[in-house]
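Protein chains: 2
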Amino acid sequence: MENMPLDYKKELEKAAKQMILIHRVDTLVKIILRTIVRMLKIEHASLILYDKIQDAYVANASRGKSGLKIPKGFSKISKDNPIIRYFTDRRPQGPGLDYLLFDQIECSTGPLYEEIKNQFLLYNAKACIPGFFRNKLIFALFLGEKLNREDFTPEELGFMSVLSSDTVMAVQNAWLFQDLNEQLQKNTRLFLQTALALSSAIEAKDPYTQGHTERVANYSLVVANELKVIGRIPKNEKNLLENLRISSLLHDIGKIGIPERILNKNGLLNQEELKEMKKHPLIGANILSMIDEFHVPILGIKYHHEHHDGSGYPEGLKGEKIPLIAQIIAVADTFDAMTTSRPYRHASLSKEEAARLIESEKNKQFNPIIADAFLNAYKKGKIQG
Amino acid sequence: MENMPLDYKKELEKAAKQMILIHRVDTLVKIILRTIVRMLKIEHASLILYDKIQDAYVANASRGKSGLKIPKGFSKISKDNPIIRYFTDRRPQGPGLDYLLFDQIECSTGPLYEEIKNQFLLYNAKACIPGFFRNKLIFALFLGEKLNREDFTPEELGFMSVLSSDTVMAVQNAWLFQDLNEQLQKNTRLFLQTALALSSAIEAKDPYTQGHTERVANYSLVVANELKVIGRIPKNEKNLLENLRISSLLHDIGKIGIPERILNKNGLLNQEELKEMKKHPLIGANILSMIDEFHVPILGIKYHHEHHDGSGYPEGLKGEKIPLIAQIIAVADTFDAMTTSRPYRHASLSKEEAARLIESEKNKQFNPIIADAFLNAYKKGKIQG
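Residue numbers (the numbering used here), protein chains in the order written: chain A, 67 to 451; chain B, 67 to 451.
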């Protein structure tokens, strides 16, 4: 490779190396094409990539001044495409199929070569380099003409083959990452859906609270985002949104331990019943207490009935002693309770009236910062049940 | 690089490339060391690798005929180690620190060089090659003497530097994979723990069923493993264990919808109460019905009271019409119900008596294959509450 300028080779090697840590296939392809176009000084480059879901090849990206600008994912290419077929059919005979040149094709005869020639013309390509993983064709890379109109040197083509196999490994790696990430997201979604389903099942015992859990979760997240925007989330509150999502979905889970005669009572609760009802935050915290990682969500469940002025329950915590997550759920929970009617409460209020009550409870029931965040979100129309 | 034998260079390039898809750091290090020893024809090679948790370096592996055989994870090396310090301190001045040779060190004077020399002697090394990610030293690779006693050529050292930076990227990539995988495992664990906590909370309403959910889950998994061993799990049953784990933990979740006066009744249930109680499989299936991915676990919840001969509920399904997952939970559930006393049942049986009843219910209540799998596991002492 002594004929090649060193910086060009170094640059491409560096690009190949950095690809490994890019775990989005589309970004990966864009970067590699851009680097090839710049360093090889060619008019353009494009790539067709295997797509698992479609079990076909997709024209994935095109970079450079000229050449086909294919809208992403636009062009689905079947496995019957002559170029795909050419590489796929010949691969089992052993490696050595490092590239295909337009000049070679022009000199060959036969119907397959005619078709391949048409493909080269379509992609406006002078060379095509396959990318194999074992015997599977992962992609075909099309190189446009060099700006100086010269032919590709054997060294350049050899180096492109090496780069191509590096790209194959990077693509495989990115696919594995994407799979793992999708599974992670799926698991998280399943978890939250299950928590919601179970909370709803508990709500089903209390006909007055239909949809309460879901609304409280939504309101809580809106308030947290509002706090984030104005920079009022302390730095030591890691994963607040994630914890809040879990905590708000499970905040009333302790009602599972409240006798039905109290949950379903048609009318105001008496002193003794109220005392029983007020156990639900502790029961809920208790249910999940074995799960170490739920340390923070449990705080939201345990303390969402504490008041800023210390008049709440179960512990009568005051001000900043109340965990942030519980302060947020408290406002969201109260607003929803006020705007839906319950047997042991007054009739439901309009949203406007409830907002005014939240305002008037600043420094009493609620931390003023949290109440303001809620009210700001309300004014922006973000508090929607 | 024209002085190097081509196959040696190719081999190392291939090794570097394949590293990307190895997502266990320890395996990665072993493979790369083995390849280096074989291809460079050196006595041995070893590597000290940064460890995030300890925030220190750990002598990770040693390969080759001679040289230190360091037990894995044995030797923790502080950041104050002279070699670490040498590379770390000089790095911000720019790259170019591609290697350090014992011969250079011997000619240098000063206390740091004395210390470095001692390290080289300790690792019985002739060369040390650092691996940086940005300005962070990820590892130091120690190369033993060449078998032919010659010095390393500049080409060999240059190539080792390239290989080293490939290894850095592969290690980074593997670390990211490990993190993602740990998160996935953590999420799954949290989900299952939460499901168990909530099921236990429902059990808490029914004092006779303490620990029932956990035992049924355990028994079910034992039966599934037994079926797996004897090859009786159909090929189309994907993720049976995973689905069974979720389904068994939630199989009685529908009891959330059964009135307390029935759940808590001290004595046998009357006809009307029994009818109500028998709704719990459908209620449970209903609660989770919105979650598409729970299609299979829901079948276990819905049909775990069906009988092989069609005499069960809710649908009176017969034989193979009963989903496998439900057949398994049915045996596990019945065995646990028989061996713990319940108000609406006879007094509890001994495990031996219960096993005999399972045997006698083959082809009646139970699919004989599932019952046999359970009884085999029981005989092996695997059915432990």
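Even for Gly, the Cβ is constructed at its ideal location relative to N, Cα and C.
- Excluding its 5 nearest sequence neighbours in each direction, residue 375 of chain A has C-beta neighbours in its own chain below 6 angstroms: 430, listed in chain order.
- The continuous stretches of alpha helix (DSSP H) do not include residue 206 of chain B, which lies in the beta strand (DSSP E) extending over residues 202 to 209.
- In the DSSP assignment, residue 437 of chain B falls within the unbroken alpha helix (DSSP H) covering 434 to 445.
- Around the beta carbon of residue 356 of chain B, fewer than 16 other beta carbons lie within 10 angstroms, which makes this residue exposed.
- A direct Cα-Cα distance of roughly 13 angstroms separates residue 221 of chain A from residue 78 of chain A.
- Short of 6 angstroms from the beta carbon of residue 102 of chain A, and not among the five residues preceding or following it, lie these beta carbons of its own chain, in chain order: 111.
- Of all residues in the stretch 349 to 360 of chain B, only 353, 354, 356, 357, 359 place a beta-carbon less than 7 angstroms from a beta-carbon of chain A.
- Interface flag for residue 322 of chain A against chain B is set, since a Cβ pair is found closer than 9 angstroms.
- Taking CB atoms only, residue 314 of chain A has no neighbour in chain B less than 9 angstroms away.
- Here residue 285 of chain A carries a helix assignment [DSSP, helix/strand/coil].
- Residue 266 of chain B has a beta carbon lying within less than 9 angstroms of a beta carbon in chain A.
- For the pair residue 309 of chain A and residue 82 of chain B, the Cα-to-Cα distance works out to about 41 angstroms.
- Exposure of residue 173 of chain B is indicated by the presence of fewer than 16 other C-beta atoms within 10 angstroms of its C-beta.
- The beta carbon of residue 283 of chain A sits no closer than 9 angstroms to any beta carbon of chain B.
- The shortest CA-to-CA distance from residue 354 of chain A to any of B:187, B:108, B:125, B:266 is the one to B:266.
- Closer than 8 angstroms at the C-beta level to chain A, one finds these residues of the stretch 224 to 253 of chain B: 228, 231, 232, 235, 236, 238, 239, 242, 243, 246, 247, 249, 250, 252, 253.
- Within its own chain, the residues whose Cβ lies closer than 6 angstroms to the Cβ of residue 371 of chain A, once the five positions on either side in sequence are excluded, are 347, 378, 379, listed in chain order.
- Residue 268 of chain A places its beta carbon 9 angstroms or farther from that of residue 232 of chain A.
- Residue range 346 to 353 is occupied by the alpha helix (DSSP H) that includes residue 347 of chain B.
- Residues of chain B with a Cβ closer than 8 angstroms to the Cβ of residue 86 of chain A are, in chain order, 86, 235, 236, 238, 239.
- Spanning the alpha carbons of residue 147 of chain A and residue 242 of chain A requires a straight line of approximately 27 angstroms.
- With fewer than three CB-CB distances shorter than 8 angstroms, the stretch 223 to 231 of chain B does not count as touching the stretch 249 to 258 of chain B.
- Pairing residue 87 of chain B with residue 247 of chain A gives a Cβ-Cβ distance that is not under 9 angstroms.
- Around the CB of residue 109 of chain A, 16 or more other CB atoms lie within 10 Å, so the residue is classed as buried.
- For the stretch 324 to 339 of chain B, the residues whose beta carbon sits under 7 angstroms from a beta carbon of chain A are, in order, 325, 326.
- Between the stretch 326 to 344 of chain A and the stretch 278 to 293 of chain B, the count of Cβ pairs shorter than 8 angstroms is below three; the stretches do not touch.
- Closer than 9 angstroms to the CB of residue 346 of chain B there is not a single CB belonging to chain A.
- Residue burial is scored here from C-beta neighbours: residue 445 of chain B has fewer than 16 other C-beta atoms within 10 angstroms and is therefore classed as exposed.
- By the rule that beta-carbons nearer than 9 angstroms mark a contact, residue 279 of chain B does not touch chain A.
- Comparing alpha-carbon positions, the option among B:205, B:393, B:297, B:229 lying closest to residue 113 of chain B turns out to be B:205.
- Per DSSP, residue 196 of chain B lies in no alpha helix (DSSP H) segment; the continuous beta strand (DSSP E) that holds it begins and ends at 193 to 199.
- Contact of residue 395 of chain A with chain B is not assigned, every C-beta pair being separated by 9 angstroms or more.
- A Cβ-Cβ distance of about 19 angstroms is found for the pair residue 197 of chain A and residue 130 of chain A, leaving them out of contact under the 8 angstroms criterion.
- Here residue 373 of chain A is near residue 432 of chain A, since their CB atoms are less than 9 angstroms apart.
- Taking 9 angstroms as the threshold, the shortest C-beta distance from residue 202 of chain B to chain A does not fall below it.
- Taking 9 angstroms as the CB threshold, residue 319 of chain A lines the interface with chain B.
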